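Structure first, commentary second.
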Amino acid sequence: MCRHLGYLGTPVSLAELLIDPAHSLLEQSWAPNNMRGGGTVNADGFGAGWFRDDGTTGAYRNGAAMWTDTSFPQLARDLRASAVVAAVRSATTGMPVGPELCAPLTGGRWLFSHNGKVGGWPDSLAKLASRLDPADLLTAQPTDSAVLWALLRQLLDDGVAPETAVARLVREVHAAAPESRLNLLLSDGTRIVATTWTHSLWVRREADAVTVASEPFGAADPWVEIPDRRLVVADAEHTEVVSLGEDSCDIPN
């Protein structure tokens, strides 16, 4: 069930995040750890998104396994960014495959990734999807992640704070489809908002950066595992972990 990450900090090359580490996202495409809910590889595509200096986003996607892409490694060495969202995909059975379906999904100043699946898709989301503008619904890709993104984007466009919007969406989807697995990750280049809802999530905070990821890149790094059913909100200075119930705590800087 996919692996994703978000990074904020001093500018780094995409290769430093996605290719070079001992247990990089590239390695996680064929040798992931702790794939709760099934799956052994993430071979149904990958994507990387970044924020330019002017706040606009760029993205690279491929519908094939990351290890088969011979062009991306050089691109990843040439591209540098201070904010990145990337993912490798393991498509849910029955879902289509293609580059346009790979996270991060984009819209305005946002990058979004979903690790998991919506139980009972598509019927379970019919009521929630009915509040979408027909044009948004008709142009959404035919996957649960794309509809989740359309629903979340609607909340963001309505002015709902990103952490509130993400938490609200998770609770609404869980109420409609209790068997869902809902690890979401959202960034606008200045903060990361992420959830744990079945799948693993870890946070690494350093003096000049914060990384939120499905799996640690290396055993020696100062990673903290996030408990299940939590909301993570991280920016350049602080990381807050809030129960999708009520309790909260800070990860030490």
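For the sequence shown, the residue numbers in full-length UniProt numbering are 1 to 253. Positions of the beta carbon are idealized from the N, C-alpha and C atoms, including for glycine. Bear in mind the structure is a predicted one, so any value in this text is a computation, not a measurement.
Residue burial is scored here from C-beta neighbours: aspartate 157 has fewer than 16 other C-beta atoms within 10 angstroms and is therefore classed as exposed. Judged by DSSP in its simplified three-state form, glutamate 27 adopts helix. Taking the C-beta atoms as reference points, phenylalanine 46 is found nearer than 8 Å to alanine 87. Within the region 29 to 91, the complete beta strand (DSSP E) runs of at least 3 residues fall at 46 to 51, 57 to 62 and 80 to 88. DSSP places proline 122 in no beta strand (DSSP E); its state is neither H nor E.
When secondary structure is reduced to three states using DSSP, histidine 114 falls in the strand class. Between the C-alpha atoms of arginine 205 and proline 32 there is a straight-line separation of about 22 Å. Looking at the backbone, the Cα of proline 21 and that of glycine 218 are separated by about 7 Å.
Between the region 142 to 151 and the region 103 to 115, the count of C-beta pairs closer than 8 Å reaches three or more; the two stretches touch. Counting along the chain, glutamate 206 sits inside the beta strand (DSSP E) bounded by residues 202 to 206. A contact is defined here as three or more CB-CB pairs under 8 Å, and the region 89 to 105 meets this definition with respect to the region 51 to 67. Annotation: the continuous alpha helix (DSSP H) that includes serine 145 extends over 144 to 157. Ranking Ser214, Thr211 and Leu79 by CA distance to the CA of valine 12 puts Leu79 first. Distance check between glycine 108 and each of Ala234, Ala165 and Asp188 places Asp188 closest, using alpha-carbon atoms only.
For aspartate 136 and valine 224, the gap between their C-alpha atoms comes out near 37 Å. The C-alpha of threonine 239 is placed about 6 Å away from the C-alpha of valine 233. Judged by DSSP secondary structure, aspartate 136 falls within the alpha helix (DSSP H) whose first and last residues are 134 to 139. For threonine 164, there is no enclosing beta strand (DSSP E); the enclosing alpha helix (DSSP H) covers residues 162 to 176. For proline 162 and glutamate 16, the gap between their C-alpha atoms comes out near 28 Å. Shown here, alanine 22 sits in coil according to DSSP, grouped into three states, outside any helix or strand. Note that the region 167 to 184 touches the region 116 to 129; at least 3 beta-carbon pairs, one per stretch, sit closer than 8 Å. Under the three-state reduction of DSSP, alanine 236 is assigned to coil, being neither helix nor strand.
When beta bridges are read from the DSSP output, serine 180 appears opposite no residue.
Nearest Cα to asparagine 34 within the set Arg3, Ser24 and Thr139: Arg3. Looking at the DSSP output, serine 13 bridges to Arg80.
Between leucine 185 and isoleucine 226, the C-beta spacing is not below 8 Å. If you draw a straight line from the Cα of threonine 196 to the Cα of arginine 230, it comes to about 5 Å.
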